[in-house]
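Accompanying notes for the structure given below.
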Amino acid sequence: MSKKTIVNPKLYEIIENAPEEEVKRQEYFIEKLKEEIHSREQRLGRKLKCMVNTFGCQMNARDSEKILGILEKAGYEEAEDEKHADFVIYNTCTVRENANNKVYGRLGYLGSLKKKNPEMIIALCGCMMQEEHVREKIKESYRYVDLVFGTHNIYKFAELMVNAVYTNKQIMEVWDSTDKIVEELPIVRKYSFKSGINIMFGCNNFCSYCIVPYVRGRERSRKPEDIINEIKSLVNDGVSEIMLLGQNVNSYGKGLENPITFAELLHQITEIDGLRRIRFMTSHPKDLSDELIDVMASSPKICKHLHLPVQSGSTDILKVMNRRYTKEQYLMLVDKIKARIPDISLTTDIIVGFPGETEEDFEETIDLVEKVQYDSIFTFIYSKRTGTPAAKMGNQVPEEDVSRRFDRLLNVVQDISAKRMERLTGRTYEVLVEDINTQLEGFVTGRLENNAIVHFKGNTSLIGQYLNVHLDECKGFYFLGTAV
Ligand code: SAH
Ligand code: SF4
Ligand code: F3S
Numbered sequence: 072m073s074k075k076t077i078v079n080p081k082l083y084e085i086i087e088n089a090p091e092e093e094v095k096r097q098e099y100f101i102e103k104l105k106e107e108i109h110s111r112e113q114r115l116g117r118k119l120k121c122m123v124n125t126f127g128c129q130m131n132a133r134d135s136e137k138i139l140g141i142l143e144k145a146g147y148e149e150a151e152d153e154k155h156a157d158f159v160i161y162n163t164c165t166v167r168e169n170a171n172n173k174v175y176g177r178l179g180y181l182g183s184l185k186k187k188n189p190e191m192i193i194a195l196c197g198c199m200m201q202e203e204h205v206r207e208k209i210k211e212s213y214r215y216v217d218l219v220f221g222t223h224n225i226y227k228f229a230e231l232m233v234n235a236v237y238t239n240k241q242i243m244e245v246w247d248s249t250d251k252i253v254e255e256l257p258i259v260r261k262y263s264f265k266s267g268i269n270i271m272f273g274c275n276n277f278c279s280y281c282i283v284p285y286v287r288g289r290e291r292s293r294k295p296e297d298i299i300n301e302i303k304s305l306v307n308d309g310v311s312e313i314m315l316l317g318q319n320v321n322s323y324g325k326g327l328e329n330p331i332t333f334a335e336l337l338h339q340i341t342e343i344d345g346l347r348r349i350r351f352m353t354s355h356p357k358d359l360s361d362e363l364i365d366v367m368a369s370s371p372k373i374c375k376h377l378h379l380p381v382q383s384g385s386t387d388i389l390k391v392m393n394r395r396y397t398k399e400q401y402l403m404l405v406d407k408i409k410a411r412i413p414d415i416s417l418t419t420d421i422i423v424g425f426p427g428e429t430e431e432d433f434e435e436t437i438d439l440v441e442k443v444q445y446d447s448i449f450t451f452i453y454s455k456r457t458g459t460p461a462a463k464m465g466n467q468v469p470e471e472d473v474s475r476r477f478d479r480l481l482n483v484v485q486d487i488s489a490k491r492m493e494r495l496t497g498r499t500y501e502v503l504v505e506d507i508n509t510q511l512e513g514f515v516t517g518r519l520e521n522n523a524i525v526h527f528k529g530n531t532s533l534i535g536q537y538l539n540v541h542l543d544e545c546k547g548f549y550f551l552g553t554a555v
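All residue numbers for the sequence shown refer to this note's numbering, where the first residue is 72 and numbers rise by one.
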């Protein structure tokens, strides 16, 4: 046995004495990590720095806040960049191939940093790690990665970190699934005044192109009382805007012991005093209920913004995508929403070049986009994900057709969103000030209820405040304005 594989006796002792119950156990490991970090600080004569890099969606962003929460509790400070970090973690996304490539590209750079600072710890987690071929590649080509874990055991991060700091070999622990939701671990929020909140994990929809159900597992809802208590404590802490997170929030609550609907949950949340803005994403069109539209229409706290991914305007393609609605059903739903909430801002996701997509199918998408008049659209080129049904479909669309369609869609989308944005010019809206503007000196950036962005004169003292801002000029994707 090489020296490297001998279990450190100190680690053995720590693990032997760890409590069984999960929250207590992780708190114990945070304390143990803290002791080790402290002794390294003493030896180096400086604080240890960490860097958490997030790829992908809001769920990953929220997970990263949990990781940072644990790191800070253990004594790490946030580094300015990777070069000055003693611990770097990439929380990865695998929804499209380019997300994976970015990670591989950056890993090479991390390897070169580690050569200069051999004590640096490199970790990888998130959706990409749930894929076997990725893990194989890391084992073979990226031996210097110290710790790899997945989406299901993220709550064990403190325990895994303790293992990593006392071991010299690569630790790889990824689970296929979990039915556990571990509450009450420390979190560091990126913003003091707004926060994402998981209401559910996983996805049961299996859209034929999508890897998410395979890497995030089956749908699990948190208990409403846990969600409400978390929001109340955030509000006590100064948060006034929340974003409820789930891959398909409209099917929230189905598996609970006492099932409740998303609309009911939303209604209960609107009653929390001190909370001013409620957002949620993502809504699957097939499950969007009349009850939800009613709750949205009747509560001024719920932002009048709905992200309603359509993916394609062709009923034939939607069927092969396993989306379970037709173009006509989607359009009827949109009409119903617009009739009940006239000032609603609608946004969507569209995939171009799904296997078998013809020119006619694509024209249906353009037609739908023109009919709905979205405020903004996220457009994606279809990316083949190993393990999904669509990856095995024979009729992949030639690259030049895809890129021609993609450019055309982009043009149509830009015209429509510019027109939709333009109509707000000259009006005054309440905005929540989020940040100092890094491009325009002396400006801050605020967000309207409909998710549009406005830059206007101001300073740090305004961050987290609600102000009325006149929208002076539309610049395409954002506004320039003046506080009134
Ligand atoms: N749960 C959300 C979306 C999660 S993924 C929903 O169902 O709406 C975010 C977006 O990525 C999807 O809406 C889809 O447009 C896009 N996407 C997912 N898989 C993709 C793939 N294989 N190729 C290209 N885009 C994809
Ligand atoms: Fe993917 Fe469909 Fe689930 Fe969204 S609903 S995460 S697109 S499988
Ligand atoms: Fe990506 Fe995972 Fe989110 S694959 S989009 S980070 S759920």
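C-beta: ideal position from N, C-alpha, C; glycine also.
From a predicted model like this one, the values you see are computed outputs, not experimental measurements.
Query raised in the report: DSSP state of V555, grouped into three classes?
Result: coil
Practice task
For D432, count neighbouring Cβ atoms within 10 angstroms of its own Cβ and tell me buried if that reaches 16, exposed if not.
Solution key: buried
* To do: Kindly give me the distance between the Cβ atoms of V259 and G140, rounded to whole angstroms, as I take these residues to be in contact under 8 Å.
  => 4 Å
Exposure of N239, with buried meaning 16 or more beta-carbon neighbours within 10 Å
exposed
As assigned by DSSP and simplified to three states, the class of T516
strand
With 16 other CB atoms within 10 Å as the buried threshold, where does M367 fall?
-> buried
| request: Note down, in chain order, each residue of its chain lying with its Cβ closer than 6 Å to the Cβ of N305, except the 5 sequence neighbours on either side. | output: Just to set this straight, residue 305 is Leu in the shown sequence, not Asn. Closer than 6 Å at Cβ, skipping near neighbours: S266.
Looking at the strands, I want to know which residues DSSP matches up with L315. I268 and F351
Item to check | Sheet register partners of F220 (DSSP bridge) | outcome: E244
Identify, in the order they occur along the chain, each residue of the same chain with its Cβ nearer than 8 Å to the Cβ of N224, setting aside the five sequence neighbours on each side.
L231, E244, V245, W246 and T249
DSSP has A194 in a bridge; who is on the other side? I160 and L218
Count the C-beta pairs between the stretch 133-150 and the stretch 278-295 that are closer than 8 Å, then say yes if the count reaches three, no if not.
no
Checklist entry - Pick out every residue whose C-beta is nearer than 6 Å to a heavy atom of ligand 2: which are they, in chain order? => result C274, N276, F277, C278, C281, V283, P284, Q318, N319 and H355
From D543 to L336, what distance separates their C-alpha atoms?
-> 38 Å
- Item | Residues that DSSP places opposite Q382 in a beta bridge | I421
request  = Helix, strand or coil for Q166, going by three-state DSSP, please let me know.
outcome  = Note that residue 166 is Val in the sequence shown here, rather than Gln. Of the three classes helix, strand and coil, the one that applies to V166 here is coil, per DSSP.
| E431 lies in the alpha helix (DSSP H); which residues open and close that run? | E430 to V443
Which residues mark the beginning and the end of the beta strand (DSSP E) in which S135 is found?
Looking at the DSSP string, S135 is not in any beta strand (DSSP E); the run it does join, the alpha helix (DSSP H), is Q129 to K144.
Enclosing beta strand (DSSP E) for T450 [first to last residue]: S447 to I452
Item to complete: Could you name the residues that DSSP lists as bridge partners for K120?
Response: E148
Q | Segment contact flag, the stretch 532-549 with the stretch 482-497, C-beta cutoff 8 Å, min 3 pairs | A | yes
Start and end residues, alpha helix (DSSP H) containing F527: It is not in any alpha helix (DSSP H) - F527 instead sits in the beta strand (DSSP E) that spans I524 to K528.
Indicate whether L481 and T419 have their beta-carbon atoms separated by less than 8 Å. no
Could you tell me whether any non-hydrogen atom of ligand 1 is closer than 7 Å to the CB of S385?
no
Residue from G547, P330 and K398 with nearest C-alpha to S488 = G547
Practice item. Please state whether DSSP places R491 in a helix, a strand or coil. Key: helix
Just the Cα atoms here: how many angstroms apart are V283 and E399?
-> 27 Å
Assigned secondary structure, E328 (DSSP; H/G/I helix, E/B strand, else coil)
coil
Buried or exposed (CB count within 10 angstroms, at least 16 for buried), E84
exposed
Say whether chain C places a C-beta atom closer than 8 Å to the C-beta of E98. The structure shown has no chain C; it contains just one protein chain.
- Task: Kindly give me the distance between the Cβ atoms of D157 and K120, rounded to whole angstroms, as I take these residues to be in contact under 8 Å.
- Result: 5 Å
- Message: Along the chain, where does the beta strand (DSSP E) containing L542 start, and where does it finish?
- Response: Y537 to C545
inquiry  = On the DSSP letters alone, give me the boundaries of the beta strand (DSSP E) that E505 sits inside.
reply    = T499 to I507
Tell me which residue opens and which closes the alpha helix (DSSP H) that M403 is part of.
K398 to R411
Practice problem: Would you grab the beta carbon distance between V391 and V473 for me? Rounded to a whole angstrom, and I think it's under 8 Å. | Solution: V391 to V473, Cβ: 16 Å. No contact.
Residues that H376 bridges to, as DSSP identifies them: S416
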